[in-house]
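Only one structure is covered here, and it is reproduced in the block below.
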Amino acid sequence: RIMVRSIRENIWKELQDAEKRGEISEDDKFKGKDKLQEIVDEYNKKIEIARGKKEDDIMTV
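For reference, each letter of the sequence shown is one residue, going 5 to 65 in this note's numbering.
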């Protein structure tokens with residue numbers, strides 16, 4: 005999760021920088037942020053499922 009958070013922060017910074025350089029609009033920046041959050045949520049869900057399976061495996065032994 006920490007790695008996912010770090011990647012999200014890096015991409016968000018790149019979106020902000022792209023807006024400052026005039027490469028994207030403010031609307032595009034926030035659309036990108038929303039899409040980024042959707043992806044992060046999806047990966048966090050996958051991580052949580054994997055953690056739960058691993059926890060179950062450990063408890064079964």
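Think of the CB as a built atom: it goes at the ideal place given N, C-alpha and C, for glycine as much as any other residue. In this text the structure is predicted, and so the values were computed from the model without any measurement.
In three-state DSSP terms, what is residue i?
i     : result
Glu52 : helix
Glu27 : coil
Arg9  : helix
Rounded to whole angstroms, what's the CA-CA distance from residue i to residue j? Just pull it up for me.
i     : j     : result
Asp21 : Arg55 : 35 Å
Asp61 : Ile51 : 15 Å
Lys57 : Val44 : 20 Å
Asn14 : Ile53 : 25 Å
Please work out which residues of its chain come closer than 6 Å, Cβ to Cβ, to residue i, disregarding the five sequence neighbours upstream and downstream, and give them in chain order.
i     : result
Asp32 : none
Tyr47 : Val8
Might you give, ordered along the chain, the residues of its own chain that have their beta carbon closer than 8 Å to the beta carbon of residue i, omitting 5 neighbours on each side?
i     : result
Lys37 : Trp16 and Leu19
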